[in-house]
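Student:
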Amino acid sequence: MTNTTSKSPSKKKPEVQKTEPLIDVDIKSTAEIPVPTRLIDQVLGQKKAVELIKKAAIQRRNVLLIGEPGTGKSMLGAAMAELLPREDLEDILCVPNRKDPNNPKIVTVPSGEGRRIVDR
Numbered sequence: 101m102t103n104t105t106s107k108s109p110s111k112k113k114p115e116v117q118k119t120e121p122l123i124d125v126d127i128k129s130t131a132e133i134p135v136p137t138r139l140i141d142q143v144l145g146q147k148k149a150v151e152l153i154k155k156a157a158i159q160r161r162n163v164l165l166i167g168e169p170g171t172g173k174s175m176l177g178a179a180m181a182e183l184l185p186r187e188d189l190e191d192i193l194c195v196p197n198r199k200d201p202n203n204p205k206i207v208t209v210p211s212g213e214g215r216r217i218v219d220r
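101 is the number of the first residue of the sequence shown in the working numbering; add one for each residue after it.
1. Could you check where the beta strand (DSSP E) with K205 kicks off and where it finishes?
2. Does the Cβ of I166 have 16 or more other Cβ atoms within 10 Å, making it buried, or fewer, making it exposed?
3. Where does E190 sit, in a helix, a strand or coil, going by DSSP?
4. How many angstroms separate the CA atom of I158 from the CA atom of K111?
5. Roughly how far, in whole angstroms, is the beta-carbon of V209 from the beta-carbon of L193, given that I think they are within contact range, below 8 angstroms?
6. With G145 as the anchor, note down where its alpha helix (DSSP H) starts and where it stops.
Below is the structure:
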């Protein structure tokens with residue numbers, strides 16, 4: 101038999117307190133918020149990681165990114181690749197050494213020149 105005389109505890113709705121906005125911006129949609137073009141500027145909440153990536157890119161150093169899935173490792177890696185200075189591509193050729201056939205010479209030429217040299 102169930103007790104029908106017991107009352108369920110009444111639940112009051114918590115009062116909602118209005119707070120003042122931190123900044124006075126009238127935004128109707130997130131589409132109005134500008135997104136930075138550089139990937140590194142889109143990283144939020146990882147100030148130390150961003151500083152480290154910027155420093156490593158300038159110094160052309162390696163960075164090991166470890167952590168839980170979804171924490172932004174891939175995004176930081178892609179951002180670092182964006183920051184690295186562009187380099188001119190080169191063709192690397194192994195050419196015969198007439199003085200010592202057992203030690204070929206290694207030469208570099210601008211990209212595309214290697215194909216012309218090999219095809220001669």
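For each residue, glycine too, the CB sits at the ideal point set by N, CA and C.
Tutor: This is what the structure gives:
1. Translated into positions along the sequence shown, residue 205 becomes position 105. First-last of the beta strand (DSSP E) with K205: 205 to 210.
2. If you number the sequence shown from 1, residue 166 lands on position 66. Exposed.
3. Here residue 190 refers to the residue found at position 90 when the sequence shown is read from its first residue. Reduced to three states, the DSSP call for E190 is strand.
4. Against the sequence shown, residue 158 aligns to sequence position 58. Against the sequence shown, residue 111 aligns to sequence position 11. Taking the straight line from one Cα to the other gives about 59 angstroms.
5. Residue numbering aside, residue 209 sits at position 109 when the sequence shown is read from its first letter. Residue numbering aside, residue 193 sits at position 93 when the sequence shown is read from its first letter. Confirmed, about 7 angstroms.
6. What you label residue 145 is simply residue 45 of the sequence shown in a count that begins at 1. G145 -> no alpha helix (DSSP H), and no H or E assigned at all.
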